[in-house]
Amino acid sequence: MSIAPFAPSSRRIAVRPGGGEARLRPTAALRPHAPGGALLPVVGGELRVPLVGGGEARYANLDYGATAPALTTVAERVTRVLPYYGSVHRGSGLPARVSTALYEQARQTLAGFVGAGADHEVVFTRNTTDALNLLAGAIPAGAGQVVFLDSEHHANLLPWRRREHTAVAVAPTLTETLARLRAALAERPTALLAITGASNVTGELLPLPELVALAHDAGARIAIDAAQLAPHVRVDLAALGADYLALSGHKLYAPYGAGALVGRRDWLDGAQPWLAGGGAVREVTWEGTDWHDGPARHEAGTPNLLGAVAIAEACNTLDALPAGALEAHDRSLRDVLLARLTRIDGVRVGQIWADSEEAIGTVCFAVDGFEPGHVGAYLSAEHGVGVRDGRFCAHQLLSRLGFGGGALRASFGVGTAAADVERLADALARLVREGSRHAYAKGADGWAPLGDDRALPDLL
Ligand SMILES: Cc1ncc(COP(=O)(O)O)c(C=O)c1O
15 MSIAPFAPSS
25 RRIAVRPGGG
35 EARLRPTAAL
45 RPHAPGGALL
55 PVVGGELRVP
65 LVGGGEARYA
75 NLDYGATAPA
85 LTTVAERVTR
95 VLPYYGSVHR
105 GSGLPARVST
115 ALYEQARQTL
125 AGFVGAGADH
135 EVVFTRNTTD
145 ALNLLAGAIP
155 AGAGQVVFLD
165 SEHHANLLPW
175 RRREHTAVAV
185 APTLTETLAR
195 LRAALAERPT
205 ALLAITGASN
215 VTGELLPLPE
225 LVALAHDAGA
235 RIAIDAAQLA
245 PHVRVDLAAL
255 GADYLALSGH
265 KLYAPYGAGA
275 LVGRRDWLDG
285 AQPWLAGGGA
295 VREVTWEGTD
305 WHDGPARHEA
315 GTPNLLGAVA
325 IAEACNTLDA
335 LPAGALEAHD
345 RSLRDVLLAR
355 LTRIDGVRVG
365 QIWADSEEAI
375 GTVCFAVDGF
385 EPGHVGAYLS
395 AEHGVGVRDG
405 RFCAHQLLSR
415 LGFGGGALRA
425 SFGVGTAAAD
435 VERLADALAR
445 LVREGSRHAY
455 AKGADGWAPL
465 GDDRALPDLL
C-alpha cells in the first residue's frame, strides 16, 4: 500500500492514493456536482415533509451526526444482494456461498478503506458502541490504565470507566490538552489512549499523528473513535501507525445495523469472545470449547450480511470521490453556516479549543431565551429542518461549554446542499427577530407545536 506523508495542516489524516484495496467503479453518483449542491445522492434526499398549519417543504436533514441517510449506491447494492441473501459461513446452497463471499469481501473493502495494515483485523460489530465495548473487554489484565478525555462521547468514555483509567479534563487549548494527556500517560503504566478523531459536539478535529506519537512514546496503544471522523475525513491506520479504530455504518451512509472494530490482532485473539455462540468456535466438547482466532472469535451468531455489504459499498462510493472533495464540501457548508450564525444576535456557537483549526460538518449552538427542544421543534414544524437537540451523549463536555441545559447541533454530509444550511440560518434569524408563528409547549415527549396538524406517512 503506498502512503503519502502526513501534512500536519491538512484535514486529510493520511492520504491513500487510489484508496487502498477498495476499487473505484464509475456510477451516476460520481458525476461532478453543481456548486452548492449535494456531493452525492442519498435516499430521501428529495423527501417532502408537512409543515404545521399546512404546506410542505423539502426536508433539510441536518442530523447526519446522529444517523446519516443511505447513499443511493448503498441502497441499490443492498437491493441487488437481497435475492442472494443467505447464511454466512453456513449453508451449502448458492446464496449461502455468495453471501459468505460477499461478507468476507466487505471485510477486505473496509480494511482497504481505513488503511488497515498487515497486523490489523476487521471485526464486524453492531456499531461504534459495540466495537469500543469489545475492545474494552480485550485489554489484557495488568496491561495498565486507559486514558481518555472527559469530552468524549459516552461510548468512548463509559466502557473505560469500568476499569483502571484516567479521564483527562480538556483544557481551553488543544496544545494544553495534549500536554495534559502526555502527563497522564506518564503518570502510570498505560495500556490504551482512547480518543475521538472528531468531536460529535463541535466537529473539531484532533491531531491524530501527534496523539499516536504521544501514546506510543508512553508505551501505550491508541484507539480512535472514528464514528464521526470516518464519514468526513479519510483515515489511514497503517500510515498513522494507529492501533484500533471503531466506526458505525449508520453514520457512514450505510444504515443497515453494522459497525466495525479494526485493530491489532493480538489483544483480540487473546480476549474472551465478545459473544459466546455458534460461529465463534472450532470445536465444542463436554470438557470445553476451542474458540476461533481472528474476527470469527468475536462474531458469534448469524452475521449481519446486509450491514457489512452496505458499509463496503459506502466505502467504495466515498473512495471514488475525487481527492479532497469530501473535505471541501464540508468546509464550504460549514463556512456558510458559521458566517450566518455569527451574525444572528443571541446565537452562540460552541467550540472546545481556542486553537483548533479544522472541523467536520458539525456545528453546536444555542439560542438565547429559547430551550433547545423548543428551537428544534420550531425548525421542524415551521421550516422542515431536522437538527438534534439535547446533550449529544457528551454531558460533561456540554457543561464545560456552558450548555449544561443542552444545545442544538446541525450536522451535515454528502447529501447536504448549501440551501439546507441557509434555510436553517434563515429560520433562526426569523425566530430571533419575530418569534415563531405557532405556539409550542413542552410535554412528556418534549417540545411540540400546539394543535400539531402534520400528517404522518402511512407507514405508521
Ligand atoms: C464520537 C462518537 N462516538 C461514538 C458514538 C456511538 O455510536 P453508535 O451510537 O453508532 O454506537 C457516537 C454516536 O453518536 C459518536 O458521535
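If you use the numbering used here, the sequence shown corresponds to residues 15 to 474, in order.
Glycine residues also receive a C-beta, built at the ideal position from the N, C-alpha and C atoms.
It should be emphasised that the depicted structure is a prediction, and the values quoted were computed from it without experimental measurement.
At the C-beta level, Pro-309 and Val-136 come within 8 Å of one another. Here DSSP, grouped into helix, strand and coil, assigns Ile-238 to strand.
Counting only runs of at least 3 residues, the segment 170 to 245 fully encloses the following beta strand (DSSP E) elements, listed from N- to C-terminal order: 179 to 182, 204 to 210 and 235 to 239. Shown here, Trp-281 sits in a helix according to DSSP, grouped into three states.
Using a Cβ distance threshold of 8 Å, Ala-373 and Thr-187 do not count as a contacting pair. If the five residues before and after Leu-347 are omitted, its C-beta is found closer than 7 Å to the C-beta atoms of Gly-375, Phe-426, Thr-430, Ala-432 and Val-435, all from its own chain and listed in chain order. By the neighbour-count definition (other C-beta atoms within 10 Å, threshold 16), Trp-300 is an exposed residue. In this model, Gln-159 and Glu-70 are separated by some 53 Å (Cα to Cα). Here the segment 454 to 473 makes no contact with the segment 99 to 106; the two share fewer than three CB pairs at distances below 8 Å. Here Pro-64 is near Ala-469, since their CB atoms are less than 8 Å apart. Here the distance from the Cβ of Gln-410 to the nearest heavy atom of ligand 1 is not below 7 Å. Counting only residues of its own chain and dropping the five nearest sequence neighbours on each side, Val-215 has a CB closer than 6 Å to the CB of Cys-378, Phe-406, Ala-408 and Leu-411.
Within the same chain, Val-102 and His-103 come within 6 Å of Thr-114 by CB-CB distance, once the 5 residues on both sides are set aside.
Exclusion of Ala-424 from the 7 Å shell around ligand 1 follows from its C-beta lying no nearer than that to any non-hydrogen atom of the ligand.
Fully contained in the segment 42 to 106 are the following beta strand (DSSP E) runs of length 3 or more, in chain order: 62 to 64 and 70 to 72.
For Arg-121, the enclosing alpha helix (DSSP H) begins and ends at 108 to 127. Around the Cβ of Glu-166, a 10 Å sphere holds 16 or more other Cβ atoms; the residue is buried.
Listed in chain order, the non-local C-beta contacts of Asp-144 below 7 Å within the same chain comprise Gly-273, local neighbours out to five positions each way being set aside. As DSSP reads the structure, Gln-286 sits in no beta bridge. Beyond the five residues adjoining it in sequence on each side, Leu-251 comes within less than 7 Å, by CB distance, of Val-128, Gly-129, Ala-130, Gly-131, His-134, Leu-259 and Val-276 in the same chain, given in chain order.
The three-state reading of DSSP puts Glu-297 in strand, counting E and B together. If you check the CB distance, Trp-174 and Ala-212 do not come in under 8 Å.
In terms of Cβ geometry, Ala-84 and Ala-244 do not form a close pair [threshold 8 Å]. With a cut-off of 7 Å, the C-beta of Ala-241 is classified as near ligand 1, since at least one heavy atom of the ligand falls inside that distance.
Rounded to the nearest angstrom, the gap between the Cα atoms of Ala-82 and Lys-265 is 5 Å. Look at the beta carbons and you see the segment 386 to 393 not touching the segment 226 to 240: under three pairs across the two are nearer than 8 Å. Collapsing the DSSP output to three states places Val-247 in coil. Where Glu-135 is concerned, the enclosing beta strand (DSSP E) starts and stops at 134 to 139. Using a Cβ distance threshold of 8 Å, Gly-321 and Gly-293 do not count as a contacting pair. Within a 10 Å sphere around the beta-carbon of Leu-474 sit fewer than 16 other beta-carbons, which makes this residue exposed. In this structure, DSSP gives Gly-156 a state outside helix and strand, which the three-state scheme calls coil.
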